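Encoded as structure tokens, the structure appears first; notes follow it.
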Amino acid sequence: MIEATIIVGIHNLRLSQKTIFPLNEIATLSNDLTLIQDIIDDENVRKLIGLNEINFMIENKTYILLKQSLNVSLEDFNEKEVLSKILSSVQILCQCFWIIKDNAIRSELGHLIYYSGESKRTFLHTNLWSFALTNCLGNNLESIEFNLEEMVLSNSAFTVLTENLDYNSTINKNAKLTNKQNRLNRAFYFLQSARQSEDIGIKIAHYCSVLESLFSVSNSELKHRLSETVSFFLGDNKDKRIEIYKKVQLAYDVRSSVVHGDGIADKFVKNNYKLLYDVSKNTDEIIRKCFDKIFRDENLTLLFTRNSKEEINTFNQDLIFE
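Its first residue numbered 11, the sequence shown is counted upward by one per residue in the numbering used here.
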């Protein structure tokens with residue numbers, strides 16, 4: 011029997027009050043250090059993890075804690091696989107925080123502390139599955155506060171994502187964008203790339219690829235067709251649709267400059283890059299609203315995971331010509 015405890019620090023996330031929030035049967039998100047005090051005060055654990063890392067965990071405050079009893083021998087226990095699966099899930103949860111609102115939240119080192127009754131010893135395995143994520147303005151240091159309601163919404167989004175995104179271990183990690191991947195998978199891949207980029211131009215280019223992954227059925231007149239489709243998907247009146255259409259058009263103007271090697275036009279960079287930052291912020295929010303609408307409607311979720319170009323094409327036409 012293995013008694014396993016996993017602690018993963020969550021960076022740039024502030025909880026609005028002292029919280030012990032259960033994510034599922036074995037995982038808890040918290041900023042209450044009393045929950046892990048016995049663990050980090052254990053002399054063996056302190057030696058294994060190191061005082062610098064212990065101090066960072068205390069200063070960072072927010073963490074995920076998991077506890078499991080595993081009916082497996084020490085010889086058969088695969089600590090790398092156990093921790094990797096947890097860190098993969100934590101990455102998905104960080105995407106779910108973004109679905110609620112823009113942020114630069116990311117996971118820190120994950121520590122798997124396990125005790126075997128066979129050897130009467132405490133063991134440690136540590137790993138890192140994280141990238142320096144940025145918010146829509148390219149800032150990777152800015153923390154953000156979530157309240158209890160937002161935590162509940164994030165956790166609900168986690169359930170939807172894990173049910174509808176394909177995390178098949180047989181997928182070639184060096185070729186993830188094949189047509190075997192559904193639209194949501196491809197969209198979230200580009201979203202992750204956008205959020206990793208500190209450069210606003212590159213970020214906006216990836217944002218456009220997110221929208222293309224969701225809605226595009228043809229490469230012809232892509233800027234106009236996609237702007238039109240997104241505006242009808244989100245806008246419930248003429249004025250709102252025109253507003254969204256213009257925002258997506260501006261994003262494509264930036265994208266065109268970036269991917270074709272031109273410099274971003276002066277109108278985007280004057281006044282201390284105000285328009286460029288506005289385009290990034292607006293496109294980020296448009297994508298968030300698209301995902302929110304898709305995940306709130308079971309039929310839409312199925313549509314974007316069935317991977318049928320014909321169905322998406324019909325859906326797009328019905329949006330515009332209803």
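Even glycine gets a Cβ: it sits at the ideal position worked out from N, Cα and C. Since the structure is predicted, the reported quantities are computational estimates derived from the model, not experimental observations.
From the DSSP output, read off the bridge partner residues of Thr-15. Lys-77 and Ile-123
Going by DSSP in three states, Glu-118 sits in which element: helix, strand or coil?
strand
Just grab the DSSP bridge partners of Leu-260 for me.
DSSP, once it has assigned bridges, lists no residue as partnering Leu-260.
- Look at the Cβ atom of Asn-54, then the Cβ atom of Thr-132, and state whether they are nearer than 7 Å. yes
*For Ser-26, the three-state DSSP class (helix, strand or coil)*: coil
Taking Cβ positions, are Arg-56 and Ile-49 nearer each other than 7 Å? no
If distances are taken between C-alpha atoms only, which option among Phe-87, Ser-79, Ile-109 and Leu-119 comes closest to Ser-98?
Leu-119
Are the beta-carbon atoms of Val-100 and Val-18 separated by less than 7 Å?
yes
Check your understanding: For the segment 289-306 against the segment 235-253, are there 3 or more C-beta pairs whose distance is under 8 Å?
Key -> yes
Note to self: Does the CB of Phe-133 have a neighbour CB from chain B at under 7 Å?
What the structure shows: Here there is only one protein chain, and chain B is not present.
Note to self: How far does the alpha helix (DSSP H) with Ile-212 in it extend, from its first residue to its last?
What the structure shows: 210-225
Review point. Got a sec? Which residues, its chain only, sit under 7 Å from Ser-223 by beta carbon, not counting five neighbours each side?
Key: Arg-193, Arg-196, Ala-197 and Phe-200
So the candidates are Leu-84, Asn-165 and Thr-172; which of them puts its Cα closest to the Cα of Gly-127? Leu-84
Checklist entry - Going straight from the alpha carbon of Gln-327 to that of Glu-238, what length do you get? => result 11 Å
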